[in-house]
Amino acid sequence: MVPGLSVATFEGDFQDTAALARAQPARTGTAATFAIPADAPNERFGLRFTGYIDIPREGLYTFYTASDDGSVLFVGDTLVVDNDGLHSHSENLGEINLARGRHAITVLYFQGPGGKSLEVGYEGPGMERRAIPAEGLWRGE
Numbered sequence: 000m001v002p003g004l005s006v007a008t009f010e011g012d013f014q015d016t017a018a019l020a021r022a023q024p025a026r027t028g029t030a031a032t033f034a035i036p037a038d039a040p041n042e043r044f045g046l047r048f049t050g051y052i053d054i055p056r057e058g059l060y061t062f063y064t065a066s067d068d069g070s071v072l073f074v075g076d077t078l079v080v081d082n083d084g085l086h087s088h089s090e091n092l093g094e095i096n097l098a099r100g101r102h103a104i105t106v107l108y109f110q111g112p113g114g115k116s117l118e119v120g121y122e123g124p125g126m127e128r129r130a131i132p133a134e135g136l137w138r139g140e
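Counting from 1, position 35 in the sequence shown corresponds to residue 34 in numbering that gives the first Met the number 0; the numbering is continuous, with no gaps.
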């Protein structure tokens with residue numbers, strides 16, 4: 000494992016994140032966090048971030064995405080946050096019980112016309128709400 004996330008960039012006019020599963024990425028690369036890459040288009044694109052997150056303590060975790068347009072967050076195969084669809088900047092959250100250790104995490108995001116934004120964060124036992132830090136994210140080599 001190495002620090003960071005794998006990221007795939009998709010080009011197209013998406014209406015929801017499910018459409019990303021049917022699309023071929025225009026390019027792939029890596030990212031330190033769940034930030035929109037500087038070279039991403041201004042409109043009509045999608046991103047798929049995949050990797051692993053370090054969970055420091057067993058317990059109930061609340062994850063959130065705040066985005067313009069849609070975003071979803073999976074831990075393993077479990078949909079935790081559903082903030083999908085065309086909308087202005089808005090936040091949604093979800094909860095999941097997690098054991099201490101590394102867990103697979105996937106964030107899908109798409110941007111239609113207009114402004115773009117993406118924030119991904121969490122809070123959990125003994126930890127206040129914050130963006131997921133780069134030092135807690137990993138990807139396969």
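All residues carry an ideal CB built from backbone N, CA and C; glycine is no exception.
> Of the choices 127, 18, 17, 4, whose alpha-carbon is the least far from that of residue 36?
Replying inline: 4
> Just the Cα atoms here: how many angstroms apart are residue 129 and residue 80?
Replying inline: 16 Å
> By the 10 Å Cβ neighbour count, where 16 or more other Cβ atoms means buried, how is residue 67 classified, buried or exposed?
Replying inline: Counting Cβ neighbours within 10 Å, residue 67 comes out buried, since at least 16 surround it.
> In terms of DSSP beta bridges, what is residue 7 paired with?
Replying inline: 27, 47
> Start and end of the beta strand (DSSP E) containing residue 19?
Replying inline: Residue 19 -> not in any beta strand (DSSP E); alpha helix (DSSP H) instead, spanning 17-20.
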